[in-house]
Amino acid sequence: MVGSLQNSYVVVCWGLSWSYRQSATSAFRGSVLARTGKTQNAAEAAAPTADNALQAAYEANRRYEATNEELLHFYEQMVLIRRFEERAGQLYGLGLIGGFCHLYIGQEAVAVGIQSALQEGHDSVITGYRDHGHMLAYGIDPKVIMAELTGREAGISRGKGGSMHMFSTSHKFYGGHGIVGAQVSLGAGLAFAHKYNEDGGLCVAYFGDGAANQGQVYESFNMAALWNLPIIFVVENNQYAMGTAVKRSSAETHFHRRGAAFRIPGMDVNGMDVLEVRAAANLAVEHVRAGNGPVLMELNTYRYRGHSMSDPAKYRSRDEVNEVRDNRDPIEHAKADLLARGVSEETLKDIEKRIRAICTEAADFAENSPEPAMGELYTDVLVESY
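Residue numbers for the sequence shown follow full-length UniProt numbering, so the first one is 1 and each next one is one higher.
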């Protein structure tokens, strides 16, 4: 009984304290507004915000005017990522891929649209653990990517990177990182290298909506803005951080606004349409190459599979997934565009057939490649010189 009374007393006191703070805060706010002669809405509007010129330019012309050849190439790349990831999922189920495996199915338009706007081999790319699609969008051979997934010597990282940590310095693709948010700080470092070397390159640092809540992300925003670094921060907002919906974990669910405190312009982009992604990417790349500093892009997208292969995704309904598949699928969207332009159904079927053969060949290559020699453990652990 005594404990109950004590608890009630604490709750009442806390409630009175909270009520007093709210009243005091409201009174103070009213006093400030009265002195400044501003309404509350006007005061909020006067708060510092990032320049919205990039967003306005995107809204004015949302879709990239691709030629038929360009759109066919985008379509082919997205189909390649989709079929490759489906095959990777099968190999994982057979026990041929160890550790974790995070598939990119549903998000294909993001990597294809953005990386098509970059200068391959000149600009740097870094991402998190959902990285297979980004490597494929950069034109890297599917065989060596699949071999890396299965831990083989022929893999692009000689079997040591696996699904989450594969890399290719010759392509300026710096991973694949299993530490959530780490790639953002490393990306700022890559951008610093581009600026220091005065090579005209830029860095694209991909990260997810979950990683967006990491403290080091904001430290990186601050330094990138302070030093005017050539970097595009790309938030791939697939709506779920593992199994946690964005609205349950983020006070500010519009991630493109999060650079405002650092005066980094933000862009809110439809990540399910490859032509919209490319249009936005062109604007961001042009802004950064002109020496204007970083850009923060939010690509609103959706993953069809679980967070990883071990995730049954019980936190969302089948109807939710099917609604996106049926109405917003990036591959079907591009296919409809191509058919409307007069591209034949047979042409698209031929692409599908060829892509399936490429993925089968990649899987066979991976399964038949030898595992790395034990001596491989001692390579890539020390930089002899710079």
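Even glycine gets a Cβ: it sits at the ideal position worked out from N, Cα and C.
Treat the numbers as computed from the prediction; the structure is a model and nothing was measured.
{"query": "Starting from the N-terminal side, write out each stretch of the beta strand (DSSP E) that is 3 residues or longer and does not extend beyond the stretch 286-345.", "result": "295-300"}
{"query": "Within the chosen definition, does the stretch 132-151 reach the stretch 286-304 through at least 3 CB pairs nearer than 8 Å?", "result": "no"}
{"query": "Would you grab the beta carbon distance between L275 and R63 for me? Rounded to a whole angstrom, and I think it's under 8 Å.", "result": "4 Å"}
{"query": "Between the beta-carbon of I105 and the beta-carbon of R82, is there less than 9 Å?", "result": "yes"}
{"query": "Once DSSP output is grouped into helix, strand and coil, what is the label at C203?", "result": "strand"}
{"query": "Rounded to whole angstroms, what is the Cα-Cα separation between S344 and I351?", "result": "11 Å"}
{"query": "Would you mind reading off the limits of the beta strand (DSSP E) that contains G113?", "result": "Segment 108-115 is the alpha helix (DSSP H) holding G113; no beta strand (DSSP E) there."}
{"query": "Does DSSP put N270 in a helix, in a strand, or in coil?", "result": "strand"}
{"query": "Quick one: what's V125 bridged to in DSSP?", "result": "F173, V204"}
{"query": "Report the option in G128, S124, A193 whose CA atom is closest to the CA atom of L103.", "result": "G128"}
{"query": "To the nearest angstrom, report how far apart I264 and G375 are at their CA atoms.", "result": "46 Å"}
{"query": "Evaluate E361 with the Cβ neighbour count: other Cβ atoms within 10 Å of its Cβ, from every protein chain shown; 16 or more gives buried, anything less gives exposed.", "result": "exposed"}
{"query": "Any contact between the stretch 172-190 and the stretch 214-227? By contact I mean 3 or more CB pairs, one from each, below 8 Å.", "result": "yes"}
{"query": "Keeping to the same chain, check which residues put their C-beta closer than 7 Å to that of R325; ignore five residues upstream and five downstream.", "result": "Y304"}
{"query": "When you compare the stretch 252-264 with the stretch 221-235, are there three or more beta-carbon pairs, one atom per stretch, that lie closer than 8 Å?", "result": "yes"}
{"query": "Kindly indicate which residue of L348, N270, V383, V288 has the alpha-carbon position closest to the one of E123.", "result": "Reading the sequence as shown, one finds Asp at residue 123 and not Glu. Of L348, N270, V383, V288, the residue nearest in Cα terms is V288."}
{"query": "Taking C-beta to C-beta, are R112 and V277 nearer than 9 Å?", "result": "Residue 112 is actually Val in this sequence, not Arg. Going by C-beta atoms, V112 is nearer than 9 Å to V277."}
{"query": "Quick one: residues in its chain with C-beta nearer than 7 Å to the C-beta of E371, no 5 flanking neighbours on either side, listed in chain order?", "result": "G151, R152, E153, G159"}
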